[in-house]
Structures are given as structure tokens and as C-alpha cells.
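There are 2 protein chains.
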Amino acid sequence: MSKKENILIIGAGLCGSLLALRLAQRGYTVHVYESRPDLRTTDIAAGRSINLALSDRGLKAMRLAGVEDKVKPLCIPMYGRLIHDKEGNTFPSNYSGRNGEYINSISRGELNGLLLSEADLYDNLTIHFNKKCISVDIENNVASFYEYETKTEFEVKGDVIFGTDGAGSSLRKSYYLERKFLFSYSQNWLTHGYKELEIPAAKDGKHLISKDYLHIWPRGDYMLIALANLDGSFTVTLFLSYKEGHYNFNNLTTEENITAFFKEQFPDALELIPNITAEFANNPTGPLGTVKCSPWHYKNKTLLMGDAAHAIVPFYGQGMNASFEDVTVFDAILEKHEGDWETIFKAYEKSRKEDTDAIADLAIDNYYEMRDHVANPIFKEKRTLEMAFEKEFPTEYFSKYSMVTFNEDISYSDAMKKGRAQDKAILNMIAGKEINMNSDLKTLLTRVKQETQAILQDDRIAGLK
Amino acid sequence: MSKKENILIIGAGLCGSLLALRLAQRGYTVHVYESRPDLRTTDIAAGRSINLALSDRGLKAMRLAGVEDKVKPLCIPMYGRLIHDKEGNTFPSNYSGRNGEYINSISRGELNGLLLSEADLYDNLTIHFNKKCISVDIENNVASFYEYETKTEFEVKGDVIFGTDGAGSSLRKSYYLERKFLFSYSQNWLTHGYKELEIPAAKDGKHLISKDYLHIWPRGDYMLIALANLDGSFTVTLFLSYKEGHYNFNNLTTEENITAFFKEQFPDALELIPNITAEFANNPTGPLGTVKCSPWHYKNKTLLMGDAAHAIVPFYGQGMNASFEDVTVFDAILEKHEGDWETIFKAYEKSRKEDTDAIADLAIDNYYEMRDHVANPIFKEKRTLEMAFEKEFPTEYFSKYSMVTFNEDISYSDAMKKGRAQDKAILNMIAGKEINMNSDLKTLLTRVKQETQAILQDDRIAGLK
């Protein structure tokens, strides 16, 4: 069943390894080149988040590749957020009013390793580690690599080249620098960066705090989150400004400062992170950026996918899910137009771009919402109302968060448009005292739906998106 | 009155020459390096638009520099658009319902030449032509230049360096490539490009069509515009897709194609452009791009201004006006914090960035509006109503276009927010048959104002901008 085309994939991260697996399943001859060593045999982390939230869009892609059953045991369900206040009190806040809707904490390394091992089962798929892509000659389908072991450079030609080489993509850089076409490109950084820390497991190997939640310490200008790992530890991420505010990454440089900051803002977390000053000093501070670009393809030759095409900030927990969904969407279009790569590439971007733009914008929205709106009373009332809607009318109401996270058949862009209109409707009805939380819930639902439709209609007439 | 700081300005275009003039007026020692020859003694055009629309924000900056009286004779007032249909019929459409509100066609070269000649009057200001900036060492305030005449490179150090070197700015490129800080950057291209053509003057030196209008041939996917020059000619600009649609830049390559296209779409214009096929072949096709970036400054050392910081598409006629307004805004902040460059640079971007982002977005809006909405009946009704409002209540109503173009004391971002809300209010009232054009105009105005405020309030509550 081997097809004649030789596929070259740059990058064996989450998106690249899933894509490789799927193309191998379709019978293509696939070569994947990865800059790092094999993460199944080497301990590497190097500045990328250790665990991630896997939700329904990602799981759908796992099903497509036939690995969902193997992924499930790696998952730790998180049924909601657990909010920690400054006094160490905690407040649960479920992700949905429906039963059975949760997101999963999963180790990036273990999931990636699983996909690589699945890929290894295919004779028509070869993975080459320690080969860093330097550039791509997009006109001639030739990628240049640097081989770390021998310190030499070599070239590889592919009939088609996929760039799944992440936010710092070499293929994307070649688009930018070769100037063969008008390449729209943006990189936008938040004022905040992030740093990972660790809550180790208890001596008996158990988790020191509940593993069933995504833990959040929201503080306006700063935020700490923690996701459980299978070994009993938690990976903690601090989001903090580089240089603004009383505490920031630039001035948290001494043991006293760091401890004072945590003691004041996150006292319960501080007790759980024994090596905080060493970790703070040794672990890298990473930037939070959004990358958008277009076009993703060049002729019938090359295509960007995953973070290489659309890197997003982590505040919606959708980065990995969006990249996996890329493969689901691509696979359906490949099925339809197999044999005509240029048509496939064009149809793929036409179908997919507005959705990856939408999740990028939603993730930015959530950054501001988490910072500025968490303490806003009308936002809290909205949440209460939406949870009640979802509990009472589970097939009739879906919050923006639910549409994005649990409804893999609603596109990101539709979820954004409808979700924003819904939020606007509810917030204004609450602010205008048009909602009495003791009224009949069905009547309230009907009014919210009417108002949502009216908002969408007004925007349409004004020619707004 | 000479100040001790040595100012280095890269680029003596419209923004750079005005900035240089203003800083010389303030007593700084100013050196300006320009890649081109002196346009007062050399005939150059090289891919930039020949004439431009100068309106109130630009004129305010001319007043600040004391040159308004010298600029006025270069202006050809345009009181409105003159729409040309496919049969050659024309329909006037004024820019405002108020008297005395018009925009001006002005030659880029003559205006730039005037600013350079004014600059030459200052002993503390020197302009160096034919020196192309290659890069800037932003840490050490050193710019490297290539000297065309001697074919050598040399370096210049400034206490402060301004990059007014346009959309392809070398200073901006150095920010991007030096990676000394997180540089947010975007370049976004439209699917359309542009090409300039000429309607020559009549034999008696007069204009062949009325010089009192901006002529427009709107055709949805294509558009032709024409602005008058003082010598009796018109500069015509064709906006056309590179590769989409029946006619595009990629397929208009033969004399037959070009003539057929104009004969079908712009027959009256075709008669006025005698050398159309030669001009089509010889004149460059330019791309239409938007550039945004942040931060604009590096420490107390360098600052981007004008197109170097924010290049926009031409569909609002505000590119030059926005760059001139940069100088107005910068001058007021310089006045307040003189002596502390880092504070000046920060305060300037904090004050200015949201406005240049707004005019960039408004210009993109107009691209779609001109293409898609011109033929839309509710948009036409809106225009009629707004003209009536402006005529009857000249101090009470200002359309979005009027706020942007004729109200230099309303910021671009306020004009955008209020103008969009106003448009949305009117369009929805028309679509909902809530407006009877025969009703009392004062009552209608009151209702539009109420609805506009309600829209702004709803957006505020929902946390939208």
C-alpha cells in the first residue's frame, strides 16, 4: 500500500509525530527529522512546558490515529479549577455544569513518547534524531540539517515537506527570509513570562494536594497554576511580568525576594515547593507569544502545521489540542483531494486559518479575563448562571469555555463568535438588572438565547465579524 | 540656543524631514541621513505614491513647524469623491455635510522638498543624501551607512537615533534581528497590489477632468482612483488583486488584456490615459501592507517614528497625516519631559500606539467597505442620513470619516470607537426600519446618539474594547 511520494517532516514534537503516524497509516513513505535526542531514552525538557491539558479536540485526533486507548492511562482528569486565595483557602469551580466534562493533565514527554513508539511500528516511517533543520530551500524542496553528533551539515529532499518544527520554525523562517511571496507574519509578546517549578510527591508517592483539579492562585498581576503528574508531583507554573509591578522577573533575583513574594502571595504553595529558590534560579523564564502567519504553504511543496503555523499563549489550555486538531482537519482534506498537494494545502488553510486565529485570540482574551475579570462580580454571576444552565439544560446550553473545550464539532471560530455574543448578552443583562437569579431558569435561558441572536444579527448588519 | 545632544535621524522622507525641522527649531544639533539623492535636484519616484491626501491632522503639524502658509499653495482641494460608473456617468459625493471641509491633493515630492528647504535654513541641521542605512547597533547608538558615490561604508554615532526610514526601516530590522528584547512585530499584506498611471494635462495645461474631486471608479474587486496634480495631470492608481479574479496583475500582461480590462471596466478613464500599455508594463506593481510593532524605542537610545513604526494601507488617505501627527504628539511630550529621553520615548508610545493601531485598522476596514459595501443600499442610506445630520447640525454630528479626517483634536482611537458604534447604530436602525427618512431630523439625531451610547456601554460592560 506504499504511495510513491516521499514525505519529509521537520520536527517530531506532538504535532509532527502525530502527523507522521497518520501519513504512515495512509501508506506514505515518511522521514521525520528532529533536532533533539529521542526523548524516550534521554531526559530533556529545555524550556517547554512539562505537562499540558488534553481535551476533546486532542482526544478526537488520538482516536483518528487509533491511539486513544493508550493515551487514556496517561491522563489525570481535572474536573475543575481549585482557586487558592492568599490565606490558603480553596474554592472549587467546575469546568462545566454537565457531568463527565473534564480536561486531562498529561505529560508532554510521555504523550510524545507514545506517539513516537506508535510511529516506530510502521516500516514506511523513519525518525532521525539529533538533526537540526537550519533552513529550507522551498523552491527545490530541499531541507538543510545540522547533525549534532558528527557536527556536519547535510541536505534532504522531499516530494513534500511539512514544517511541524514549533514556534521557532525553520521552515517559517525560510518563508520570511526567502521573500518568494508576500508573507503575512506576526509575533506578539505579552508583558508576562513564565517559569516552571515543582511540588514533589509525598514520601508515599501520593499527591500532596488534590490531583482532581487544575490548581490556580489568581492574583491579578501574577498567577500560579499547578497540574498533577502521574508520579505524584505537580508541575507549577508562575506567570509574572518581566519588568512591571512591585514583583517581576527582573527584580526577583535574591533568595529573600523570592521567598518574600511567595510568602505574601502564595503561602500555601510555598510550603509545598521545598527547592523554590534553587528552582527559581535554575529554571528558565520563558516568553509568552502568539504567532500568526499566511500563507502556510508554498506551491505544492511545503506546508506549516501546528505551532509552526500558529503558536498561541497557554491561557485556554488549547495549544496542543489545536495542533492535534490540525491533523484531524488535514486528514479529512487529504482524503478528499489525495494526489493534488497544492489543492490540499490551499483547502486546508482556507478551512483552518480562521479557527487557529480564533483560538489565538480566545487565549489572549483569557489572559486578560484571568487577570482583570476574576474579581468582577458580574463575571462571577455570569459563571453561576451558566453552570445552572448547563446543569438544567445540558443539551441546550454551552458556555464559551464548553464550546471550545468539550465540543470538538463546533469550530473554534464559531465558538468564539457565539461565545462572545453569549457572554456579552449575559453580562449586559446582569449589569442592567434584567436578570433575577431567582426567576424561572427556562425563561432566563430563552431570553439569553434571544439576546445572543440579536447581538449576532446587529454585528452582521454592521458588517462586523 | 544649541542643546548638547547630537540627534541622528535616519530617513529624510516626509516624517523624517518634519521631525528634523522641528528638532532643529528646538535647538538640537541634527544630522539626517537619507538613502536617496536630493529630490529637489533629481527626478526620483521609485515605487512610492506620487501624490497624497493632506488633511487636518497633517496641516496641524505643518502649523507647528510654521510652514502651513508655504504648504497651502501646493494643495489642490478635493471637496468630495466623484464616482465614475461603467458607462462613464459621474456622481459627486461630498466628504462632509459641513462647508469648508475638504482634503487636499498634494505632491509628495513638492511637499518633501519644501520641508527639506525649510530644514536647510537651520545651521544646526545637516542633511546627508545618498547614504543608505544598513543596520543600527542599538546598544551603542551607532548606525552603519553605505555611501553610494564612493561605494564605502561608514559609521555614525548619535546621542539619540530616530528611525524615520519608512515601511522597510533598517532600525526596525535591527530591533528584530538583534533580539535584545521581546519585539512584537507584524506585517500583513492584502491580496491586492497597486500600480500608478497618468492622465496627462490637456494641451493648454488644464485638467482634463475636474480637479475638485478625488475621482473613484469602484468595481468591487478592482478600483481606480485619480488625484490631481498642479501641472494639470492626474495620478491614477489601480488597485487590483495579484492573482485572484478574472482580471489580476498576474494575467494582465498583454496589450490586448490590459486594453480589454480598461475598456470593459473603466472606459472613460481609458480615453484619458494615452500610454496605458507602456505605463502598465513599465510602472512597478506595489504591495499593500500594514506594519505594526512594539516597543518603538530601545532604552534612551533609539525610537521608530512614521511608517517605520506603523505602515498602513492607503484606503483612508491618512498615512502621511498619521506620520505628521506623530511629530505633533512627540513634540508635546518632548516639551514636557525634555532631557529624559527614555521617559519621552515611553510616554510617546503609551500615548500614541493605540491611535496608530486604530488608523491602521480603520484603513483596512475601508478597503473592505469600498470593495463590498459601496453598492449596499443600507450603507447608501446611512451616508445620506449622515450628510443631512452634518448639514443641519454641524456642531453636533460628525461621521466616522469626519472625525478621522477633519477633527484633529479627536484621537484616531476615539474616532474609531465612536465612529464604529455610530455606524452600527445607524445601519441597524435602517435595517430594522426604525428610521423613516422623512421624520424630523432632530428626533432621528437624538435616537442615533442614544443608540450609539447604548452600543458603547454594552461593549464596555462585556469588557470589549
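So the protein lines, in turn, are chains A and B. Under our numbering, the residue at position 256 of the first sequence is numbered 338, and the numbers go up by one with no gaps. Under our numbering, the residue at position 257 of the second sequence is numbered 339, and the numbers go up by one with no gaps. C-beta: ideal position from N, C-alpha, C; glycine also. Predicted model, so just to flag it, every value in this text is computed and none were measured.
C-alpha distance - SER178(B) paired with LYS277(B), whole-angstrom precision
Taking the first residue of the second sequence as position 1, residue 178(B) is located at position 96. Taking the first residue of the second sequence as position 1, residue 277(B) is located at position 195. C-alpha separation (whole angstroms): 29 Å.
Whole angstroms are fine: how far does the CA of ALA393(B) sit from the CA of GLY95(A)?
One-based indexing of the first sequence puts residue 95(A) at position 13. One-based indexing of the second sequence puts residue 393(B) at position 311. For GLY95(A) and ALA393(B), the distance between alpha carbons rounds to 36 Å.
Where the stretch 372-402 of chain B meets chain A: residues whose CB sits under 7 Å from a CB there:
none
First through last residue of the beta strand (DSSP E) which encompasses HIS113(B)
For the purposes of this step, residue 113(B) is taken as the residue at position 31 of the second sequence. Taken as a continuous stretch (DSSP letters only), the beta strand (DSSP E) holding HIS113(B) covers 111-115.
HIS210(B) burial status per 10 Å Cβ neighbour count (16 or more: buried):
If you number the second sequence from 1, residue 210(B) lands on position 128. By the 10 Å Cβ count, HIS210(B) comes out exposed.
Would you call ASN448(A) buried or exposed, if buried means 16 or more other Cβ atoms sit within 10 Å of its Cβ?
The residue given as residue 448(A) occupies position 366 in the first sequence. Flag for ASN448(A) reads buried.
Inter-stretch contact at 8 Å, needing at least 3 Cβ pairs: the stretch 376-385 of chain B / the stretch 257-266 of chain B
yes
Against chain B, with Cβ distances strictly below 8 Å, would SER315(A) count as a contact?
Along the first sequence, one-based indexing puts residue 315(A) at 233. Taking Cβ atoms only, chain B never reaches closer than 8 Å to SER315(A), which makes this a no.
Excluding the five sequence neighbours on either side, which residues of its own chain have a C-beta within less than 6 Å of the C-beta of PHE331(A), listed in chain order?
Translated into positions along the first sequence, residue 331(A) becomes position 249. Closer than 6 Å at Cβ, skipping near neighbours: GLY275, LEU322, TYR324, THR367.
Return the CA-CA distance between LEU141(B) and ASP389(B), expressed in angstroms with no decimal places.
Residue mapping note: residue 141(B) aligns to position 59 of the second sequence, counting from 1. Residue mapping note: residue 389(B) aligns to position 307 of the second sequence, counting from 1. Computed Cα separation, rounded: 18 Å.
Given a cut-off of 8 Å, decide if TRP299(B) and ALA351(B) are closer than it, judged by their beta-carbon atoms.
Residue 351(B) sits at position 269 when you count from the first residue of the second sequence. Residue 299(B) sits at position 217 when you count from the first residue of the second sequence. Yes; because the gap between Cβ atoms is below 8 Å, this pair is in contact.
Delimiting residues of the beta strand (DSSP E) encompassing LEU386(A)
In the first sequence, the residue the question calls residue 386(A) occupies position 304. Start and end: 384-386.
Applying the 10 Å Cβ sphere with the 16-neighbour rule, what's the burial state of ARG542(A)?
Translated into positions along the first sequence, residue 542(A) becomes position 460. With fewer than 16 Cβ atoms within 10 Å of its Cβ, ARG542(A) is classed as exposed.
How would you call LYS482(B), buried or exposed, if buried means at least 16 neighbouring beta carbons within 10 angstroms?
In the second sequence, residue 482(B) corresponds to position 400, counting from 1. When all chains shown are included, LYS482(B) counts as buried.
Could you tell me the distance, in whole angstroms, from the CA atom of PRO159(A) to the CA atom of TYR184(A)?
Taking the first residue of the first sequence as 1, we reach residue 159(A) at position 77. Taking the first residue of the first sequence as 1, we reach residue 184(A) at position 102. Spanning the two alpha carbons is a distance of roughly 6 Å.
Could you say which of ARG190(A), LYS86(A), GLY98(A) lies nearest to ASP125(A) if we only look at CA atoms?
To locate residue 125(A), count along the first sequence from 1; it is residue 43. Checking every option, the nearest Cα to that of ASP125(A) belongs to ARG190(A).
Return the Cβ separation of ALA544(B) and LYS168(A) in integer angstroms, given the expectation that the two are a contact with Cβ distance under 8 Å.
What you label residue 544(B) is simply residue 462 of the second sequence in a count that begins at 1. What you label residue 168(A) is simply residue 86 of the first sequence in a count that begins at 1. The pair is not a contact, with the Cβ atoms about 29 Å apart (cut-off 8 Å).
Proximity below 8 Å, CB of SER268(B) to CB of LYS374(B):
Against the second sequence, residue 268(B) aligns to sequence position 186. Against the second sequence, residue 374(B) aligns to sequence position 292. Yes, these two residues count as a Cβ contact at 8 Å.
Among GLU436(B), LEU198(B), LEU290(B), which one has its Cα closest to the Cα of ASP496(B)?
Here residue 496(B) corresponds to residue number 414 of the second sequence, with the count starting at 1. When each option's Cα is compared against that of ASP496(B), the closest is GLU436(B).
Using the C-alpha atoms, what's the distance from GLY162(A) back to LEU467(A)?
Looking up residue 467(A) in the first sequence gives position 385. Looking up residue 162(A) in the first sequence gives position 80. Straight-line Cα distance between these residues: approximately 16 Å.
Backbone CA spacing between GLY504(A) and THR534(A) [nearest angstrom]
On the first sequence, residue 504(A) is found 422 positions in, with the first residue counted as 1. On the first sequence, residue 534(A) is found 452 positions in, with the first residue counted as 1. Strictly speaking, residue 504(A) in this sequence is Gln, with Gly absent from that position. Each residue's alpha carbon lies about 5 Å from the other.
CB contact below 8 Å: LEU467(A) versus chain B
Sequence index remark: in the first sequence, residue 467(A) carries index 385 (1-based). It does not; no Cβ of chain B falls within 8 Å.
Residue-chain proximity (TRP271(A), chain B), Cβ-Cβ < 8 Å
The residue given as residue 271(A) occupies position 189 in the first sequence. Yes, TRP271(A) lies at the interface with chain B (some Cβ there is under 8 Å from its Cβ).
From THR425(A), PRO282(A), GLN400(A), residue whose alpha carbon lies closest to that of ALA440(A):
Reading the first sequence from its first residue, position 358 is the one you call residue 440(A). For ALA440(A), the nearest C-alpha among the options comes from GLN400(A).
Which of helix, strand or coil DSSP assigns to GLU346(B):
Sequence index remark: in the second sequence, residue 346(B) carries index 264 (1-based). Helix at GLU346(B).
Taking ASN194(A) as the reference, give the member of TYR450(A), VAL149(A), LEU90(A) with the closest Cα.
For the purposes of this step, residue 194(A) is taken as residue 112 along the first sequence, with counting starting at 1. Nearest C-alpha to ASN194(A): VAL149(A).
Nearest CA to the CA of HIS297(A): which residue from LEU312(A), PHE316(A), PRO282(A)?
As a first step, residue 297(A) must be located in the first sequence, where it is residue number 215. Checked all of LEU312(A), PHE316(A), PRO282(A); the closest Cα to HIS297(A) is PHE316(A).
Can you pull out the residues from the stretch 509-522 of chain B whose beta carbon lies closer than 9 Å to at least one beta carbon of chain A?
LEU509, ASN510, ILE512, ALA513, GLY514
Along the beta strand (DSSP E) that carries SER256(A), what are the first and last residues, could you check?
Stepping through the first sequence from its first residue, residue 256(A) is reached at position 174. No beta strand (DSSP E) contains SER256(A), which is instead part of the alpha helix (DSSP H) from 252-260.
Using beta carbons (cut-off 8 Å, strictly below), is ILE543(A) in contact with chain B?
As a working note, residue 543(A) is residue 461 in the first sequence. So, interface residue.
Hey, which unbroken runs of the beta strand (DSSP E) at 3 residues or more fall wholly within the stretch 161-214 of chain B?
162-166, 172-176, 185-189, 207-210
Evaluate ALA391(B) with the Cβ neighbour count: other Cβ atoms within 10 Å of its Cβ, from every protein chain shown; 16 or more gives buried, anything less gives exposed.
Counted from its first residue, the second sequence places residue 391(B) at position 309. Buried, because 16 or more other Cβ atoms sit within 10 Å of the Cβ of ALA391(B).
Within a Cβ cutoff of 6 Å, which residues of the same chain sit near ASP241(B), ignoring the five residues on either side of it in sequence?
As a working note, residue 241(B) is residue 159 in the second sequence. These residues qualify, in order along the chain: GLU87, ASN88.
List the residues of chain B that ASP540(A) touches, going by C-beta distances under 7 Å, in chain order.
Residue mapping note: residue 540(A) aligns to position 458 of the first sequence, counting from 1. Ordered by position in chain B, the residues that pass the 7 Å Cβ test against ASP540(A) are LYS506, ASN510.
With 8 Å as the limit, tell me which residues of the stretch 346-373 of chain B have their beta carbon closer than that to any beta carbon of chain A; keep them in chain order.
PRO369, GLY371
Looking at the C-beta of TYR483(B), does it have a partner C-beta in chain A at a distance below 8 Å?
Residue 483(B) sits at position 401 when you count from the first residue of the second sequence. By this cut-off, TYR483(B) is not an interface position.
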